[in-house]
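A.B. asks:
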Amino acid sequence: PEIGYTPGVETTTGPLGQGLANAVGLAIAERTLAAQFNQPDHEIVDHFTYVFMGDGCLMEGISHEVCSLAGTLGLGKLIGFYDHNGISIDGETEGWFTDDTAKRFEAYHWHVIHEIDGHDPQAVKEAILEAQSVKDKPSLIICRTVIGFGSPNKAGKEEAHGAPLGEEEVALARQKLGWHHPPFEIPKEIYHAWNAREKGEKAQQRWNEKFAAYKKAHPQLAEEFTRRMSGGLPNDWEKTTQKCINELQANPAKIATGKASQNALNAYGRMLPELLGGSA
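Numbered according to the UniProt record's numbering, the sequence shown spans residues 1 to 280.
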């Protein structure tokens, strides 16, 4: 999927399970930045990472790896929503996706909030508050949902997965839901209910004030934090990396590619403390 078109969107994923892996990485980044930059009198990194996942995401092998890691690391700032509708693009998952997802995540050392009504805003809100209160484990909120909710003939069926409902079914869904507005017209009261711009602006202002105080108290840390957030490289990057390359070229080694990758990561890791990774 495309990236760079929607403000605030830093990464997009196509293959199932990749978004979940991204979220675990983002939660690790939050944990790392907080440990490296927060000071007793100034906390500039303190946020949750939220991720949505479906039945298909949890069938992918990568979901096992990253969720196991998240539990091992105790990423308490990671909260996952499992959109459990029992439908994949091929039909009902019953019979061929038989994992007990709740027990699976409990085995990963996650805090599991068992099935809530995913269409009930109050139930979702209460589940989020419970998840936020758990500090030493990531949380999974299992949301029982209906795919194609509101469609009289296609709700709960694979026909509503990744395909248009069709004009006739759209008309029936509008009638059932009591929706009488023209296509793509959103009533002002809905915009108002969902508009979080003012709340976001206030949060941004509070953080800017907090960072200004942090910058005054810890100028060197603030400078390094700003560099990382901007995606910039250290001032001596070219000189340091070229020296490393010259040394390797002067003393070539016959080693496996995996070992070469490890050596490269170790070399760059000393120059870029924000680099997190590994070599198998």
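The beta-carbon is built from N, C-alpha and C at its ideal position, and this holds for glycine as well.
Alpha carbon to alpha carbon, how far is Gly178 from Glu169?
C.D. replies: Across the structure, Gly178 and Glu169 are spaced so that their CA atoms are roughly 14 Å apart.
A.B. asks: Excluding the 5 residues flanking Ile62 on each side, which residues of the same chain have their C-beta closer than 8 Å to its C-beta?
C.D. replies: Cβ within range, chain order: Gly17, Gln18, Leu20, Ala21.
A.B. asks: How long is the line joining the alpha carbons of Gln36 and Ile113, rounded to whole angstroms?
C.D. replies: 31 Å
A.B. asks: What residues are listed by DSSP as bridge partners for Leu69?
C.D. replies: Answer is none; Leu69 lacks a bridge partner.
A.B. asks: Given a cut-off of 9 Å, decide if Leu129 and Asn153 are closer than it, judged by their beta-carbon atoms.
C.D. replies: no
A.B. asks: List the endpoints of the continuous beta strand (DSSP E) containing Gly80.
C.D. replies: 78-84
A.B. asks: Do the region 76-92 and the region 42-53 make contact, defined as three or more Cβ pairs closer than 8 Å?
C.D. replies: When C-beta atoms of the region 76-92 are compared with those of the region 42-53, three or more pairs fall below 8 Å, so the two segments count as touching.
A.B. asks: Following the continuous alpha helix (DSSP H) through Thr42, name the residue where it begins and the one where it ends.
C.D. replies: Before going on, a small fix: residue 42 reads as His here, not Thr. Per DSSP, His42 belongs to no alpha helix (DSSP H) and is neither H nor E.
A.B. asks: Indicate the three-state DSSP secondary structure (helix, strand or coil) for Glu201 in the structure shown.
C.D. replies: helix
A.B. asks: Between which two residues does the alpha helix (DSSP H) holding Tyr191 run?
C.D. replies: 188-194
A.B. asks: Please classify Asn85: is it buried, with 16 or more other beta-carbons within 10 angstroms of its beta-carbon, or exposed?
C.D. replies: Counting Cβ neighbours within 10 Å, Asn85 comes out buried, since at least 16 surround it.
A.B. asks: Measuring CB to CB, does Gly162 end up less than 9 Å from Ala155?
C.D. replies: no
A.B. asks: Given this structure, state the Cα-to-Cα distance separating Ala123 from Glu224, to the nearest angstrom.
C.D. replies: 41 Å
A.B. asks: Quick test of the definition: if touching needs 3 or more C-beta pairs under 8 Å, does the region 230-250 touch the region 262-280?
C.D. replies: yes
A.B. asks: Report the CB separation of Ala70 from Pro138 in whole angstroms; it is logged as a contact under 8 Å.
C.D. replies: 5 Å
A.B. asks: Would you kindly report the start and end of the unbroken alpha helix (DSSP H) that includes Leu177?
C.D. replies: Membership of Leu177 in the alpha helix (DSSP H) is indicated by the continuous run 167-177.
A.B. asks: Check for me: the beta strand (DSSP E) holding Thr49 runs from which residue to which?
C.D. replies: 49-54
A.B. asks: Provide the residue span of the beta strand (DSSP E) that contains Ile116, from first to last.
C.D. replies: Segment 111-117, the beta strand (DSSP E) holding Ile116.
A.B. asks: Could you give the distance in angstroms between the alpha-carbon of Gly200 and the alpha-carbon of Trp207?
C.D. replies: 11 Å
A.B. asks: Quick one: measure Cβ to Cβ for Leu73 and Ile3, integer angstroms, because I've assumed they're closer than 8 Å.
C.D. replies: With 8 Å as the limit, Leu73 and Ile3 do not qualify as a contact, their Cβ atoms being about 27 Å apart.
A.B. asks: How about Asp55 and Phe105: are their beta carbons less than 9 Å apart?
C.D. replies: no
A.B. asks: Provide the residue(s) that pair with Ser151 in DSSP beta bridges, ordered along the chain.
C.D. replies: According to DSSP, which records beta bridges pairwise, Ser151 is partnered with nothing at all.
A.B. asks: Might you give, ordered along the chain, the residues of its own chain that have their beta carbon closer than 7 Å to the beta carbon of Glu92, omitting 5 neighbours on each side?
C.D. replies: Gly86
A.B. asks: Going straight from the alpha carbon of Lys157 to that of Pro273, what length do you get?
C.D. replies: 48 Å
A.B. asks: Quick one: is Ser151 buried, meaning 16 or more other Cβ sit within 10 Å of its Cβ, or exposed?
C.D. replies: buried
A.B. asks: With a threshold of 16 other CB atoms inside 10 Å of the CB of Glu159, please say whether the residue is buried or exposed.
C.D. replies: Counting of Cβ neighbours within 10 angstroms places Glu159 among the buried residues, the total reaching 16 or more.
A.B. asks: Any idea which residues DSSP pairs Glu92 with across the strands?
C.D. replies: Paired residue(s): Ile87.
A.B. asks: With a threshold of 8 Å on Cβ separation, who are the neighbours of Phe234 within its own chain once the five nearest residues in sequence on each side are excluded?
C.D. replies: Per the sequence shown, the amino acid found at residue 234 is Pro instead of Phe. Counting only Cβ-Cβ distances below 8 Å, and skipping sequence neighbours, we find Arg227, Thr240, Met271, Leu272.
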